[in-house]
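Numbering (our numbering), first residue to last: 472 to 870.
This is the structure:
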């Protein structure tokens, strides 16, 4: 990752369009105060109604330059350094209740933010506080953490991104080694008890390819493989069990379908997860490298995915809260990694990298944040994913 550069090219960004006056939302609870009480769902809805007038897509200069990309990364880092909570975590989005504002989800979001800050010159004090939160809550016994009765899939996120954060070079060597080994042990214990199937079961009888958690299992594999590359011992049965579950859900067309509430929502999720899962199976030698059809599919649909972020009503039901939207930036992060690792050198790769970079730059807000799921995951996760995806695209364009 490259070091931060001075903020350049800001004049290339046109001023945001004028909007009608709206009430000023109270962001105290998001920026470090008490999590939004579930009883205030109506008030949270009013805040969202005001906020949606403020968050708009912004046009971007057609020519993506290294300076413009680095400026966007720097602005994203500056935003994240203002939003850490008092407990050291980075929180979720604009929830109407506590279902997503749990210890496990905050561990996952914090781990992703730490990855972005560590590789882009973030402040050490913020990073150290974040690491303490990840270790304290990520390694806590499930009976001891605040889950609000949430689905235990949240624990998959926490273990995957907790391990990812523990592998970063920010901690003292002795602490780092112990924390990494503890996260690997927790994952091993979970997989040894369930074989992965407890978290990845078919959610429709008779349709085994519809996996409930292959995305999260892919994140676990990704972190475990990085631990193995760094010299840590990762039991073979753990990786093989997780890869088995992922491979079971793979279709002949390199898709990993997910049964969502609507066909469009499921398609969006699939397009976003396919590059990650396909790359993992190729790296593990379980399938042969193909023609990158899943990466091409993401590239062909990426502009349509961004339109979803602009549609305030897309996939919004009383009990889904924009689930589909929060896969979009995961998709860009996964696709940028696949592009960097697997796509052959040449003009086509560079063209895709520039296309992805331009699309990402078009959704950054004036204060540096990037909002993906405005209702669930939120701007901290979105901005961290944005930064890491741009880091990958920087590397791809520099090769």
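Quick reminder that beta carbons are idealized off the backbone N, C-alpha and C, glycines included. Bear in mind the structure is a predicted one, so any value in this text is a computation, not a measurement.
Need the endpoints of the alpha helix (DSSP H) that residue i sits in, please.
{"i": "residue 830", "result": "818-832"}
{"i": "residue 602", "result": "595-609"}
{"i": "residue 544", "result": "537-551"}
{"i": "residue 703", "result": "Residue 703 -> no alpha helix (DSSP H), and no H or E assigned at all."}
{"i": "residue 587", "result": "574-589"}
{"i": "residue 799", "result": "799-813"}
Using a threshold of 8 Å, state whether the C-beta atoms of residue i and residue j are closer than that.
{"i": "residue 773", "j": "residue 727", "result": "no"}
{"i": "residue 582", "j": "residue 643", "result": "no"}
{"i": "residue 562", "j": "residue 580", "result": "yes"}
{"i": "residue 694", "j": "residue 755", "result": "no"}
{"i": "residue 698", "j": "residue 638", "result": "yes"}
{"i": "residue 641", "j": "residue 604", "result": "no"}
{"i": "residue 746", "j": "residue 806", "result": "yes"}
{"i": "residue 832", "j": "residue 803", "result": "no"}
{"i": "residue 712", "j": "residue 662", "result": "yes"}
Just the C-alpha distance for residue i and residue j, rounded to the nearest angstrom, thanks.
{"i": "residue 538", "j": "residue 865", "result": "10 Å"}
{"i": "residue 653", "j": "residue 835", "result": "36 Å"}
{"i": "residue 600", "j": "residue 574", "result": "15 Å"}
{"i": "residue 878", "j": "residue 857", "result": "Absent from the model: residue 878. The displayed extent of the chain is 472 to 870, so no value can be given."}
{"i": "residue 724", "j": "residue 626", "result": "30 Å"}
{"i": "residue 536", "j": "residue 868", "result": "10 Å"}
{"i": "residue 753", "j": "residue 759", "result": "6 Å"}
{"i": "residue 650", "j": "residue 607", "result": "10 Å"}
{"i": "residue 590", "j": "residue 655", "result": "23 Å"}
{"i": "residue 840", "j": "residue 851", "result": "8 Å"}
{"i": "residue 704", "j": "residue 534", "result": "45 Å"}
{"i": "residue 717", "j": "residue 689", "result": "7 Å"}
{"i": "residue 628", "j": "residue 815", "result": "31 Å"}
{"i": "residue 771", "j": "residue 826", "result": "10 Å"}
{"i": "residue 701", "j": "residue 586", "result": "16 Å"}
{"i": "residue 578", "j": "residue 572", "result": "10 Å"}
{"i": "residue 557", "j": "residue 719", "result": "42 Å"}
{"i": "residue 594", "j": "residue 611", "result": "26 Å"}
Give the secondary structure of residue i by DSSP, where H, G and I count as helix, E and B as strand, and everything else as coil.
{"i": "residue 718", "result": "helix"}
{"i": "residue 870", "result": "coil"}
{"i": "residue 651", "result": "helix"}
{"i": "residue 696", "result": "helix"}
{"i": "residue 835", "result": "strand"}
{"i": "residue 842", "result": "coil"}
{"i": "residue 758", "result": "coil"}
{"i": "residue 641", "result": "coil"}
{"i": "residue 563", "result": "coil"}
{"i": "residue 741", "result": "helix"}
{"i": "residue 709", "result": "helix"}
{"i": "residue 629", "result": "helix"}
{"i": "residue 592", "result": "coil"}
{"i": "residue 849", "result": "coil"}
{"i": "residue 855", "result": "helix"}
The stretch 760-776 in contact with the stretch 539-548 per 3-pair CB rule at 8 Å: no
Three CB pairs or more closer than 8 Å across the stretch 819-833 and the stretch 545-563: no
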